[in-house]
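1 is the number of the first residue of the sequence shown in the UniProt record's numbering; add one for each residue after it. We put the CB at the ideal spot given by N, CA and C, even for glycine. Accompanying notes for the structure given below.
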Amino acid sequence: MNKIKLMSIFSVILLLLHFPVSVYAAFNDYMLDEIHQGKSLRAWLYDEGENAISQQIIAIPQIDGSLGVDVGDSVSFPINIPTYALVTDRGGWIPALTGGKSGNTPVPNYFYTQMHYGNAPNLTGNFSIGDVTATNLPSGVTISRVVGPTTGNLTRVDVTVTRTQVSATNGHTNSINLNLSSLYLDTWAIDPTTADFFGNKPINVGGITLTNLNLGTLSLRTKNSIRVRYIDEAGNELRDPLVEQMDVGQNYAYTPPVIPGYTYSRLSSGSASNSGQMTAGPERLVEFIYTKNPTVGGTITVNHEFIGDPTMNSSERFTDVGNVGDRFELTPRTETGWQVKGELPQVTVTEQAQTVTIQYERQTGGAITVNHEFIGDPTKNTSERFTDVGNVGDRFDLTPRTEVGWQVKGELPQVTVTEQAQTVTIQYERQTGGAITVNHEFIGDPTKNTSERFTDVGNVGDRFDLTPRTEVGWQVKGELPQVTVTEQAQTVTIQYERQTGGAITVNHEFIGDPTKNTSERFTDVGNVGDRFDLTPRTEVGWQVKGELPQVTVTEQAQTVTIQYERQTGGAITVNHEFIGDPTKNTSERFTDVGNVGDRFDLTPRTEVGWQVKGELPQVTVTEQAQTVTIQYERQTGGAITVNHEFIGDPTKNTSERFTDVGNVGDRFDLTPRTEVGWQVKGELPQVTVTEQAQTVTIQYERQTGGAITVNHEFIGDSTMNSSERITDVGYVGDRFDLKPRIEAGWRVKGELPQVTVTEQAQTVTIQYERQTGGAITVNHEYIGDPTMNSSERFTDVGNVGDRFDLTPRTETGWQVKGELPQVTVKEQAQTVTIQYERQTGGAITVNHEYIGDPTMNSSERFTDVGNVGDRFELTPRTESGWRVKGELPQVTVTEQAQTVTIQYERKVGGQVVVNHIFEEAPEKNRMDILLGRWGEAFKAEPMQIAGWEVKETIGQPTGVFTDEEQEINFIYVRNEEQPIPEEDKPNDNKEKHPETKPVDQTTDKKTSTKKNDGVAIRRKEEKRSLPRLNSQAGISLTVGGTSIVAFVFWKQLNKRTKCKNK
C-alpha cells in the first residue's frame, strides 16, 4: 500500500513536471455559450447577478413634499445603488473556465467557486450607473442625478426632481415610479482557496448590464389655488380679489372684510364654503356678496382750474352725490380751445365733504390748409398746410401772396383755430389799373392839340391799346407808344406830323401830236391840302390850250393834264446817223411840225445803248422845208435810285443809288431787300435805263405767316391727344401765343413753347403730364377691437384721376368687411377707411383613433369653430378602459378646413398579485406581480415543486386586468407521497419554474416580492442541487486530488532536506 502511494506521488510529480504552465487561467468567450443545467453561462451570470443586486436595493422612504405650482420648485433625496455583489456557486453552475489541450495532451478542467460583480475588492472591477427615470413622469417635471462616493457595496446617487413649467392641472398629485435605466457591472470568476496554491488567478469573464431596476415610488404633491372675490349684487368687484396657493389638505378660513358704504350679505350661489380643507381639482372660488348701504354722501366741491387763465376758473358744489361708496362721475366744463389735463380724477362718495379739482389746458389746434385761388388763372393756384397753428380758439392770421397785378378779393377770411383740421381759401382778383391820360400833340400846329382821360383801362398788367385821332393831312409820328396798365395813373403822348401828299402826275397832251405827249410824276408835292402850282412845257409852235388846271395836294396820288395845241410849220426832214454803224441810219420827214417860229423838238431815235452825240440840233419851224441830222453815239444810262418802302413801318425804309446801270435802253433788274416777315407788294417795277437819272420805288408789305398746327400730347394717355390748325396767325416774325387745353388732372409739362410766326407752315407740340394727387390717409378700423386700429398716410399716390389701389392689412383671423373702397386720386388730400371683421374659421374634423381596436374609431365634423386664430378646445371621448395617448393636440382655428386626430390607448390595469404561500415552510413563500393593459387577459398558474401540492386557491386565477388591484393566493401543503424534503436529498432534475405570466405581455415582466416598506423588489427564489458528475469528471477530480497531495508531500520533503543540509 505504501508503495502504491509512493508511486502515485511520483506520478503526480512527473505529471506536474510535464505540465509546468498549462494550469494557469485562460478564458475564452465561447465558454459563455456553454450550457450548464439547462442554460448558458451567460444566462447564469445575468440571472445570479440580477438576483444578488436586487436583494441589496433598499427602498427609499416616500417623500411627501410639495413641488408647488411655480417654475423652479424642487425636491432632492439620495438613493444607494448596490455596485458590488458576491455570488458563490451553490450547484456547479460556474463551469471549468480553463482547460483544453497542451499540444495533444488534455489539460484537466478547473471549476471556479465564486463570481464577483462590479467594484470587487482587490480586483479592478468597474461599474457604470445610468440615469434615474420614471415610467409615468408628468410633463413639466424633470429628474437629474449626481453620482456620489462608493461606500462598501453601495454607491450614493443624489436625485433632484424639478418643476420646469407651471403645472397643467391645478392641484394634481403625482406618484412617480422611479427606475434606474441601466447598471453595468464587471464580472470576475475566482476560487480563493486554490488561487495562490495552484496559480489559478481570477478571470474577467466580461460584464452584465441590468436595466430598469425598480427603485421605489416617490409621491410628489402640488398645491391648489383659491380665489376670494368681493362683489356687489350686480357682480361688480368692490376691491381686488385675493388669490392664494396652499397644499392639498390644508385648512383655510376667510372672513368677509368691512367695505365702506357696503354691508356683507351672503355667499354667491356658485361660491365654495369660506372655510374648509383644500382638495385637488380646479381652482376654488369664494365669493362674498355685499349690499350697498343707503348712507348719503357728503357734499363734493368741484373746482375748474384753467391753467394760464385764472379768469375762467369756476367752482361747483354738489349735494346730491349719492350714497357713501358710490362712484361720483365728474362732468368737465366744455370750453372752446380747452381740454381736461390728463385723466379725470376718480371720486368715491364719502361721508365727509370733499373737494376735487379738474385742471384744464389749452387744446392744440388742428392743421389749417390755406388755398390761394386766382380767379381766372388757375395756373397760379397754390396751397399751404400749417400745423403749428396755436391753440383752439386762437386767431390764425392769414398771409396773402403778393403777385403783381393781383389783389385779395374782398376781405381776408377770419380764421379761428379749431380742434379739427380745416381748409381756408383766399381768392385773388385782377387789380384795376390807374387812369391813363392820352395827349394828342400836333407838331407845328398846337391849336389842334387835345387830351383824353380814360378810367376804364382794364387790369394791372393788361395792354392798353391807344386810338390815334384821324385828321386830314396828319399822321402819327413813328410807332404808337406801347402802354401797359399799372396801378398808378399815367400819361401818354401821341405825336402827329404833317402827312406828305400823294404823287401828282402831270400829262402834257399835245393835241394832234400824241408823239409829243409827255408825263411827269412829282412826289415832292408838299403836304396834303397845299396848292400845287403847275408848270406847262414850252414848245416852239405850241401853246397851252385854255387856262392851267388848279391843283390841291391830296393824300392820294392824282393825275392832271395840260393840253397844248399846234402852230403849223414847214416840213422838216430828220436824218438819224449812227456813227460807226450806217446800217442803222434812217431818215424821217415831219410835215406836221407845229407852228412857225416854234422850236421843232427833234425826237431822237431810241436805241438801246445809243445816245445823241452832243446836243440835238436847234430847229425852229419855218415856213420852208428843212433837213436836220441827228448823230448818235453809244449812250451810258443815268443813275437809278431805288427806294425800299416798307408800308406801315417807315423806320425800315432805305434807299440805294446805282450809277453803273448800263446803256440807255438796257433793262435794269431790281433786287428787292430780304427782310423776315416782309414781301414785295405786287410785281417788281420794270426799269429801262434812260439818259436821265431816275428813281424807282419797291414797296414791301407784311408777309402773312404760314399756318400753325398745335398738337396737344397727353403723356401716357394717347386717347386724349388732339390737334388744331390755326391759319390766322398774324404776320411773319410776330409772337404766336399758345393756348393750352384745360383738362381735369392734367397740367402743361414745363413751360409753354415760344412760337414765332414764320413764312412756312409749322407744327408745335404742347405736352401735358398728369397732375400729382393729394395725400391719401387710409384708416384701418377693426370692428369690435379698436386697439388694433391704425392709420397710414400715403403721399406717393400717383396722378389726379388715377385709381389708387388699397392694400388691406393682413391679420390672422380678420378679413375686409364687404368690398374694398374704390379710391380715385384727387388734387386735394382725402381719407379712406377700410373696415375689418373677424373671419369665420374653416370646419374641423376630429378623428378618434383607438390604437389596437379600429372598430371603435369614429369621426366628428365641427363647423361652428369660432373665428380664425381662436383656440379650439378638443373634447375627447370617454370610454371605459381607454385614455388619451399623450397630450391632447393644441388646435388653432384657421381659414382652411383641417383634420385633427386624438389617439387613445388602453389604460394600464391594476396589478394582479399572485402569492405562493407555504404554510409549513414560510421561507419558501413567494409573491409574483402580473402587469398588463386594461381589458387584457391574464392567467396565474401554481408552482410545480416536488413534494408540494396546492391545497387551496383563493381568488380567480384567470381574468382580465381592471382598474382595481386583484389578488390570488395559492396555498401549498406537503405531498404525503413524497415525505423527503427537496433540500435534504440530492436531485439532478431541473427545477420547474412557474409559468405565471400575462397572456399578452409586451415588456419583460420581473417577478417580485413585497416588503413591508411597500417597494416592489425583483427577486428569484430558486433551490439548486449539486450537479451529477460524469466519469470523466471523477477521473479529473482524482488526478487533481492526487496532484495536490503530491505537491504538499514534495514541499514537506524539500523542507526537511534543507533542514538536514544545515
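- Residues of the same chain with a CB within less than 6 Å of the CB of tryptophan 934, apart from the 5 flanking positions on each side, are Gly881, Arg906, Lys907, Gly909, Phe961 in chain order.
- Sequence-distant partners of valine 159 (beyond 5 residues in either direction) whose C-beta falls short of 8 Å from its own C-beta, in its chain, are Ser76, Phe77, Pro78, Ile79, Val132, Ile143, Ser144, Arg145, Leu178.
- With a 10 Å radius around the Cβ and a threshold of 16 neighbouring Cβ atoms, leucine 684 comes out exposed.
- By the Cβ-count criterion, alanine 85 is buried, with 16 or more other Cβ atoms from all chains shown falling within 10 Å of its own Cβ.
- In the three-state reduction of the DSSP assignment, tryptophan 44 falls in the helix class, which pools H, G and I.
- Annotation: valine 825 to tyrosine 782 spans about 25 Å, alpha carbon to alpha carbon.
- Three or more beta-carbon pairs separated by less than 8 Å are not found between the region 657-668 and the region 712-729, which leaves the two stretches without contact.
- In this structure, DSSP gives glutamate 675 a state outside helix and strand, which the three-state scheme calls coil.
- Contact fails between the region 838-851 and the region 816-823, because fewer than three Cβ pairs, one in each stretch, are under 8 Å apart.
- For glycine 152, no beta strand (DSSP E) segment is defined, and its DSSP state is neither H nor E.
- The beta carbon of arginine 589 is closer than 8 Å to those of Ala571, Ile572, Thr573, Val574 in its chain, skipping five residues each way along the sequence.
- Taking phenylalanine 600 as the centre and dropping the five residues before and after it, the same chain places the C-beta of Ile572, Val593, Val619, Val621 closer than 6 Å to its C-beta, in chain order.
- DSSP places alanine 52 in the helix class (H, G or I) of the three-state scheme.
- In this structure, DSSP gives aspartate 33 a helical state, which the three-state scheme calls helix.
- By the Cβ-count criterion, aspartate 581 is exposed, with fewer than 16 other Cβ atoms from all chains shown falling within 10 Å of its own Cβ.
- Judged by DSSP in its simplified three-state form, glutamate 487 adopts coil rather than helix or strand.
- Residue pairing by DSSP places lysine 409 opposite no residue, since no beta bridge is assigned to it.
- Looking at the DSSP output, valine 913 bridges to Ile929, Glu967.
- In the pairwise beta carbon analysis, the region 336-347 is classified as not touching the region 268-287: fewer than three pairs are separated by under 8 Å.
- A contact is defined here as three or more CB-CB pairs under 8 Å, and the region 885-897 fails this definition with respect to the region 936-944.
- Using a 10 angstroms sphere on the CB of glutamine 635, the tally of other CB atoms reaches 16 or more, which defines it as buried.
- Judged by DSSP secondary structure, glutamine 543 falls within the beta strand (DSSP E) whose first and last residues are 542-544.
- The C-alpha of valine 689 is placed about 20 Å away from the C-alpha of asparagine 517.
- Under the three-pair Cβ rule at 8 Å, the region 607-615 does not count as touching the region 641-649.
- The Cβ atoms of aspartate 191 and threonine 113 sit closer than 7 Å to each other.
- Looking at Ser723, Pro672, Tyr254, the one whose alpha-carbon comes closest to that of valine 243 is Tyr254.
- As the crow flies, the alpha-carbon of tyrosine 252 is around 52 Å from that of arginine 809.
- Secondary structure of serine 275 (DSSP, three-state): strand.
- Remark: C-beta atoms of glycine 365 and valine 424 do not approach each other more closely than 7 Å.
- CA-CA distance, arginine 498 to aspartate 445, rounds to 10 Å.
- Here proline 82 carries a strand assignment [DSSP, helix/strand/coil].
- Threonine 379 carries a helical assignment under DSSP once its states are collapsed to helix, strand and coil.
- Contact between the region 395-404 and the region 343-363 is absent: fewer than three C-beta pairs spanning the two stretches fall below 8 Å.
- Of all C-beta pairs linking the region 726-746 to the region 694-709, three or more are shorter than 8 Å, placing the two stretches in contact.
- The C-beta separation of glutamine 488 from glycine 434 comes to about 5 Å, placing the pair in contact by the 8 Å criterion.
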